[in-house]
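Engineer: To start, I am sharing the structure in question, which I have written as structure tokens.
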Amino acid sequence: MNFACNLPLFCMVLCLLCAVISSVLHSTAARRLTLCLAGAVMSMNLYLLIWLLRGGQSTSYMMGHYPHPWGNEIRIGIVEALFSAAFALILGLCVAGGRTQLLRDLNEKKTNLYYAALDLVLVSLQALCYTNDLFTGYVFIEIGTIAACGILMIRQIGRTTLAAVRYMIFSLIGSGLFMLGIIFLYAVTGHLLMPNLRQAVETLWDSGSYRLPLLTALCLQVIGLGIKSGLFPFHFWMPDTYGYATPASAGVLSGLVSKGYILLLLKIVYDVYGTRVFYASGVQNLLYIFGILGMIAGSVSAMREDDLFRMIAYSSAAQIGYIYMGIGISPAFGILGALFHILTHALTKPAIFLAAAQLSDAAGGGRDLETLQGAAHRDHLAGAAFALGALNMIGLPMTMGFISKYLFADAAFHAGGKLIPTLLALALSTILNTFYFMRALIRLFNRPLDSAVERVPMRTQVSYTVAASVFGVANLAIGIFAQPMLSLLSQGLEQF
Amino acid sequence: MLENLWSNRIPCAAVLLFALGFSTLLLHPNLIKKIIGLNIMDTAAYLFLTSLGYIPGRLAPIIVNGDTDPSHYVNPLPAGLVLTGIVVSVSVTALMLALTIRLYDRYHTLDLDKIYMMARQEQGELQ
Numbered sequence: 001m002n003f004a005c006n007l008p009l010f011c012m013v014l015c016l017l018c019a020v021i022s023s024v025l026h027s028t029a030a031r032r033l034t035l036c037l038a039g040a041v042m043s044m045n046l047y048l049l050i051w052l053l054r055g056g057q058s059t060s061y062m063m064g065h066y067p068h069p070w071g072n073e074i075r076i077g078i079v080e081a082l083f084s085a086a087f088a089l090i091l092g093l094c095v096a097g098g099r100t101q102l103l104r105d106l107n108e109k110k111t112n113l114y115y116a117a118l119d120l121v122l123v124s125l126q127a128l129c130y131t132n133d134l135f136t137g138y139v140f141i142e143i144g145t146i147a148a149c150g151i152l153m154i155r156q157i158g159r160t161t162l163a164a165v166r167y168m169i170f171s172l173i174g175s176g177l178f179m180l181g182i183i184f185l186y187a188v189t190g191h192l193l194m195p196n197l198r199q200a201v202e203t204l205w206d207s208g209s210y211r212l213p214l215l216t217a218l219c220l221q222v223i224g225l226g227i228k229s230g231l232f233p234f235h236f237w238m239p240d241t242y243g244y245a246t247p248a249s250a251g252v253l254s255g256l257v258s259k260g261y262i263l264l265l266l267k268i269v270y271d272v273y274g275t276r277v278f279y280a281s282g283v284q285n286l287l288y289i290f291g292i293l294g295m296i297a298g299s300v301s302a303m304r305e306d307d308l309f310r311m312i313a314y315s316s317a318a319q320i321g322y323i324y325m326g327i328g329i330s331p332a333f334g335i336l337g338a339l340f341h342i343l344t345h346a347l348t349k350p351a352i353f354l355a356a357a358q359l360s361d362a363a364g365g366g367r368d369l370e371t372l373q374g375a376a377h378r379d380h381l382a383g384a385a386f387a388l389g390a391l392n393m394i395g396l397p398m399t400m401g402f403i404s405k406y407l408f409a410d411a412a413f414h415a416g417g418k419l420i421p422t423l424l425a426l427a428l429s430t431i432l433n434t435f436y437f438m439r440a441l442i443r444l445f446n447r448p449l450d451s452a453v454e455r456v457p458m459r460t461q462v463s464y465t466v467a468a469s470v471f472g473v474a475n476l477a478i479g480i481f482a483q484p485m486l487s488l489l490s491q492g493l494e495q496f
Numbered sequence: 497m498l499e500n501l502w503s504n505r506i507p508c509a510a511v512l513l514f515a516l517g518f519s520t521l522l523l524h525p526n527l528i529k530k531i532i533g534l535n536i537m538d539t540a541a542y543l544f545l546t547s548l549g550y551i552p553g554r555l556a557p558i559i560v561n562g563d564t565d566p567s568h569y570v571n572p573l574p575a576g577l578v579l580t581g582i583v584v585s586v587s588v589t590a591l592m593l594a595l596t597i598r599l600y601d602r603y604h605t606l607d608l609d610k611i612y613m614m615a616r617q618e619q620g621e622l623q
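So, in structure tokens, the structure goes:
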């Protein structure tokens, strides 16, 4: 076994260690530690990715010298390494970019705990990417939920605490259903490791026995993860959660935490049920329909919202809908689109939240579109970042959003029966996206209403400048030169 | 049909309890009752899981008198999973209770609907 195979486990242990250390550090030190941790995790995962691309085999990493079917395993592959690296990078950028608001929103004495919770979010994301065991997946889902609630409730205003309660309630319902699904599956097959489960499930499916329990388990798992990641009609916790969290947390929650659950769902589709059984079960149509409904409903709610942050949050609901629609279309092409869109949304939404926070600060703390009129003139960088993010979500050519929409349409052409509804949904949703993002952009770039307000540009923090530039450059680079990323993803999917 | 129901009575009871806890967690406006619902829901899942590992007439998987024949013992794995699950649900309950205390300190009620109305009013006054 190559040395590189040890890195994922090492990353997770490092995250846990840093979380413990952060809880006794001073806030500045904890912040630096988290940034270093994100950098270290990203570099290690990139190293692993390069090793895999240079001919390293995707392998299972046995933990604690217990062979399967008893032991616990980590599965190492291109998709896992790529997404762990991207998640670590984005988490670091969120912390860097949201610094001003973090200093304002957080109680000085509790700031180090915020970074401890962020480290725990990172470990849960890593584990959800890498785990090869369903119950480990459940445990890290719960760790992720608790840590996510931690980074949400750290801002102590009434609305945020309330949002945290609602987030917890929906998350707990989701994880409860997910756990019941695992227990059903365990009752039928007697396994928890994904490769053994897949063998057992395929044998059972082909023999035709225990169809109902298998389907029930699958539905429970899909619905559970769907609720947790905010699939329509369970997206009602999103506007409060993302809208009232401190911007760095909003970025992490919308861009990363919900994506971790979707990656676990993809692992279940590929490694537990296998694409053959999953796409024969009919559950994919459920995802497809609710994905499309989510795309439309999220956008309509965003259109009716005047609060900029809540509008962006509703837009997240629509983007989650895109991802589920992709999973619902077809195994190879649809899931490729879904994976790419996970990346698109994870790289875009945090940037939009951070830019919106900067703009809101520039306009004196307003949240409504009206009070934000002309804010982009006071903070040019945030204005540009917001515009780029908005164009990305609309799907203008040369952005990542365009590539994902292209991939979904391409998948629909290969899937036959779903062609017309997919194309119609894409068109309608693009129009709606354009409508509400353009409305926001026009407001932001318009002449300020109140000429008495000073129009001198704000002084931008260096950390925000760095974060916004990295987000922007990454977006444009992957948007313009999408082919390497696409071949990487499809190569990863082959061995997923 | 009835025979099936009888032989699967523990899973059925577990699913009923789960549904009870689930609907309380989702629908009841009182925060403390929501947390009770959460615990009923989790416990129902553990009941199901424990019943999977139990084999009538066998012993707890602890070796006494050097008897290493696995066919004399029940399956220990579900019990391990239940232990993990209990740890998870205890920490989640603690977090929910902490949030409840914070909300009660601020709004002096446990009714989530009322709290929601008050929070909206509060925000309306701010703007």
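Residue numbers (my numbering), protein chains in the order written: chain A, 1 to 496; chain B, 497 to 623. Beta carbons: idealized from backbone N, C-alpha and C, even for Gly.
Given that a residue counts as buried once 16 or more other Cβ atoms are within 10 Å of its Cβ, and exposed if not, what is B/Ser519?
Structural biologist: exposed
Engineer: On the premise that A/Ile183 lies in contact with A/Thr131, defined as a C-beta separation below 8 Å, what is that separation, rounded to the nearest angstrom?
Structural biologist: Their Cβ separation, rounded to whole angstroms, is 17 Å, which puts A/Thr131 and A/Ile183 out of contact at 8 Å.
Engineer: When the Cα atoms are used, what is the spatial distance from A/Ile381 to A/Ala375?
Structural biologist: Sequence inspection shows Leu at residue 381 of chain A; the Ile mentioned does not correspond to that position. A/Leu381 and A/Ala375: Cα-Cα distance of roughly 11 Å.
Engineer: How about B/Leu498 and B/Gly517: do their beta carbons lie closer than 9 Å?
Structural biologist: no
Engineer: Where A/Ala452 and A/Phe135 are concerned, what is the direct C-alpha to C-alpha distance, given to the nearest angstrom?
Structural biologist: Confidence is the limiting factor: at A/Ala452 the pLDDT is only 47, short of 50, which leaves the residue's position unreliable, though a coordinate-based value still follows. Going from the Cα of A/Ala452 to the Cα of A/Phe135 covers about 60 Å.
Engineer: Does the beta-carbon distance from A/Phe496 to A/Asp410 come in below 9 Å?
Structural biologist: No, they are not a contact pair.
Engineer: Which residues share a DSSP beta bridge with B/Ala526?
Structural biologist: Per the sequence shown, residue 526 of chain B should be read as Asn rather than Ala. Its beta-bridge partners are B/Asp607.
Engineer: Is A/Ser43 near the ligand MN, in the sense that its beta carbon is under 8 Å from a heavy atom of that ligand?
Structural biologist: With respect to the ligand MN, the structure offers nothing, as it holds no ligand at all.
Engineer: Can you give the beta carbon distance from A/Ala313 to A/Ser258, rounded, assuming they're within the 8 Å contact cut?
Structural biologist: The pair is not a contact, with the Cβ atoms about 11 Å apart (cut-off 8 Å).
Engineer: Give the straight-line distance between the Cα atoms of B/Thr589 and A/Ile420, rounded to the nearest whole angstrom.
Structural biologist: 47 Å
Engineer: DSSP three-state call for A/Glu370: helix, strand or coil?
Structural biologist: coil
Engineer: Roughly how many angstroms separate the alpha carbons of A/Leu286 and A/Leu218, rounded to a whole number?
Structural biologist: Whole-angstrom Cα-Cα distance: 12 Å.
Engineer: May I have the straight-line CA-CA distance separating A/His341 from A/Ile323, to the nearest angstrom?
Structural biologist: 6 Å
Engineer: Identify the continuous beta strand (DSSP E) that holds A/Glu73 and give its terminal residues.
Structural biologist: 72-76
Engineer: What are the start and end residues of the alpha helix (DSSP H) that includes A/Ser124?
Structural biologist: 111-130
Engineer: Does B/Tyr550 have its Cβ less than 9 Å from a Cβ in chain A?
Structural biologist: no
Engineer: Determine the chain B residues that contact A/Cys149 at a beta-carbon separation under 7 Å, and present them in chain order.
Structural biologist: Leu591
Engineer: Could you work out which residues of chain A lie near B/Gln619, taking near to mean beta carbons separated by less than 7 Å?
Structural biologist: Here the neighbours are Arg159.
Engineer: Based on DSSP bridge pairs, tell me the residues matched to B/Asp563.
Structural biologist: In the DSSP output, where bridge partners are listed per residue, B/Asp563 has none listed.
Engineer: Nearest-angstrom Cα distance between A/Thr145 and B/Gly562?
Structural biologist: 44 Å
Engineer: Please list, in chain order, all residues of the same chain as B/Leu555 whose beta carbon is under 8 Å from its beta carbon, the five residues on each side excluded.
Structural biologist: These residues qualify, in order along the chain: His568, Tyr569, Val570.
Engineer: Could you check the C-alpha separation between A/Pro69 and A/Ser60 for me, to the nearest Å?
Structural biologist: 13 Å
Engineer: Between which residues of its own chain and A/Phe290 is the CB-CB distance below 8 Å, once the five residues before and five after are set aside?
Structural biologist: Within the same chain, A/Phe290 has close Cβ partners Gly226, Leu231, Phe232, Pro233, Gly321, Tyr324.
Engineer: What residue from A/Gly365, A/Arg211, A/Gly389, A/Gly479 has the CA that sits closest to A/Arg573's CA?
Structural biologist: Past the edges of chain A, shown from 1 to 496, lies residue 573 of chain A, and the structure says nothing about it.
Engineer: Do the stretch 4-20 of chain A and the stretch 108-128 of chain A make contact, defined as three or more Cβ pairs closer than 8 Å?
Structural biologist: yes
Engineer: Compare the Cα-Cα distances from A/Tyr186 to each of B/Pro557, B/Ile558, B/Glu618, B/Tyr542 and report the closest residue.
Structural biologist: B/Tyr542
Engineer: State the beta-bridge partners of A/Leu308 as determined by DSSP.
Structural biologist: Paired residue(s): none; A/Leu308 is not in a bridge.
Engineer: Determine the direct distance from the alpha carbon of A/Ser469 to that of A/Asn433, and round the result to whole angstroms.
Structural biologist: 24 Å
Engineer: How would you label A/Lys110, buried or exposed, when you count the other beta carbons within 10 angstroms and need 16 or more for buried?
Structural biologist: Here A/Lys110 is exposed: its Cβ has fewer than 16 other Cβ atoms, across all protein chains shown, within 10 Å.
Engineer: With 7 Å as the C-beta to C-beta threshold (strictly closer), list the residues of the stretch 167-180 of chain A near chain B in chain order.
Structural biologist: Those residues of the stretch 167-180 of chain A that come within reach of chain B (Cβ to Cβ, closer than 7 Å) are Met168, Ile169, Leu172, Ile173, Gly176, Met179, Leu180.
Engineer: Which residues of chain B have a Cβ atom closer than 7 Å to the Cβ of A/Phe236, listed in chain order?
Structural biologist: The contacting residues do not exist; A/Phe236 stays about 12 Å from chain B at best.
Engineer: Any beta carbon of chain B sitting closer than 9 Å to that of A/Glu494?
Structural biologist: no
Engineer: For B/Ile611, which residues of its own chain have a beta-carbon under 7 Å away from its beta-carbon, when the five flanking residues on both sides are left out?
Structural biologist: Leu599, Tyr603, Thr605
Engineer: So, helix, strand or coil for A/Ser23, using DSSP?
Structural biologist: coil
Engineer: Excluding five sequence neighbours on each side, which residues of the same chain lie with their C-beta closer than 7 Å to the C-beta of A/Leu347?
Structural biologist: Ile90, Met400, Phe471, Ala474, Asn475
Engineer: Any residues in the stretch 528-550 of chain B with a beta carbon nearer than 8 Å to a beta carbon of chain A? Which ones, in chain order?
Structural biologist: Lys530, Leu534, Met537, Asp538, Ala541, Phe544, Leu545, Leu548
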